[in-house]
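Trainee: Numbering (our numbering), first residue to last: 197 to 408.
For each residue, glycine too, the CB sits at the ideal point set by N, CA and C.
Quick one: structure below, then a few questions.
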């Protein structure tokens, strides 16, 4: 009987299945924390997760090889209306996952997307706009440019931590727009350039014109 279970840590599990994850989610109505980071297994059937909404506030799916497709992740996200902390880095997820976040998880405070190479910049910007409570954001090795940095400056007024390891197409001018109180980690200023480039062009085109 796990009715009162609130936290479940299954990181680096050798093998988890549809049945096991469904049992955890549907038999533990008070579950708030689920960690299956870097787990292995065979989870394919999202239909087992469709029974109800969850009270989960903390999800860690980092590098979870057990998750075979985006459909399962999306099913969990759409039923986690109270989600505040999500780590989903180093998964081959696409824009469908981040769009689900943008539409559902407006309470999100902590988001780790590092190494999600197949998520587009417009989708990342949409999450940033849609989740104004973000305090911690990790975008290492994501396909972002100065456009994302300017979106953070406009929309993430509560941000305290920003990780940008391996992010190269960002101008110094864009970085200067960020709140100086934000702790920026692993950003290599050697990649920072004020020269005109495709990324700075995209950045200027995406910004609304100022009447000032």
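Taking the beta strand (DSSP E) that residue 269 belongs to, which residues open and close that run?
Mentor: Translated into positions along the chain shown, residue 269 becomes position 73. Where residue 269 is concerned, there is no enclosing beta strand (DSSP E), although the alpha helix (DSSP H) it sits in stretches over 266-274.
Trainee: Which whole-angstrom value describes the C-beta separation of residue 380 and residue 360, a residue pair presumed to lie in contact below a C-beta threshold of 8 Å?
Mentor: The residue you call residue 380 lines up with position 184 of the chain shown. The residue you call residue 360 lines up with position 164 of the chain shown. Yes, residue 380 and residue 360 are in contact; Cβ-Cβ is about 7 Å, under 8 Å.
Trainee: Note the first and the last residue of the continuous beta strand (DSSP E) segment covering residue 282.
Mentor: Within the chain shown, residue 282 is the residue found at index 86, counting from 1. Taken as a continuous stretch (DSSP letters only), the beta strand (DSSP E) holding residue 282 covers 281-283.
Trainee: Look at the alpha carbon of residue 409 and the alpha carbon of residue 228, and state the distance between them as a whole number of angstroms.
Mentor: Outside the shown range of the chain (197 to 408) lies residue 409, about which nothing can therefore be said.
Trainee: So, are the CB atoms of residue 249 and residue 223 less than 7 Å apart?
Mentor: Within the chain shown, numbered from 1, the residue matching residue 249 stands at position 53. Within the chain shown, numbered from 1, the residue matching residue 223 stands at position 27. It is not a contact, given that the beta carbons lie outside the stated cut-off.
Trainee: Tell whether a beta-carbon distance below 7 Å holds between residue 324 and residue 296.
Mentor: For the purposes of this step, residue 324 is taken as the residue at position 128 of the chain shown. For the purposes of this step, residue 296 is taken as the residue at position 100 of the chain shown. It is not a contact, given that the beta carbons lie outside the stated cut-off.
Trainee: Tell me, please, which residues DSSP counts as bridged to residue 337.
Mentor: As a working note, residue 337 is residue 141 in the chain shown. In DSSP, residue 337 forms no bridge with anything.
Trainee: Give me the Cα-Cα distance between residue 385 and residue 268, rounded to the nearest whole angstrom.
Mentor: What you label residue 385 is simply residue 189 of the chain shown in a count that begins at 1. What you label residue 268 is simply residue 72 of the chain shown in a count that begins at 1. Rounded to whole angstroms, residue 385 to residue 268 spans 38 Å at the Cα level.
Trainee: Taking all protein chains shown into account, decide if residue 286 is buried (16 or more other Cβ within 10 angstroms of its Cβ) or exposed.
Mentor: Taking the chain shown and counting its residues from 1, the one referred to as residue 286 is at position 90. So residue 286 ends up on the buried side.
Trainee: Do residue 255 and residue 221 have their CB atoms nearer than 7 Å?
Mentor: The residue labelled residue 255 in the question sits at position 59 within the chain shown. The residue labelled residue 221 in the question sits at position 25 within the chain shown. Cβ atoms of residue 255 and residue 221: not closer than 7 Å.
Trainee: Near residue 302, what residues of its chain come up, given a Cβ to Cβ distance below 7 Å and the 5 sequence neighbours on each side ignored?
Mentor: One-based indexing of the chain shown puts residue 302 at position 106. 326, 327.
Trainee: Using a 10 Å radius around the Cβ and a threshold of 16 neighbouring Cβ atoms, would you call residue 375 buried or exposed?
Mentor: Indexing the chain shown from 1 puts residue 375 at position 179. Burial check for residue 375: the Cβ neighbour count within 10 Å stays below 16, so the residue is exposed.
Trainee: What would DSSP say about residue 306, mapped onto helix, strand or coil?
Mentor: Counting from one through the chain shown, the residue named residue 306 turns up at place 110. Three-state DSSP puts residue 306 in a strand.
Trainee: Assign residue 203 to one of three DSSP states: helix, strand, or coil.
Mentor: Taking the first residue of the chain shown as position 1, residue 203 is located at position 7. Strand at residue 203.
Trainee: Whose C-beta lies closer than 6 Å to the C-beta of residue 284 among residues of the same chain, with five residues either side of it excluded?
Mentor: Residue 284 sits at position 88 when you count from the first residue of the chain shown. For residue 284, where only same-chain residues beyond five positions count, the Cβ hits under 6 Å are 257.
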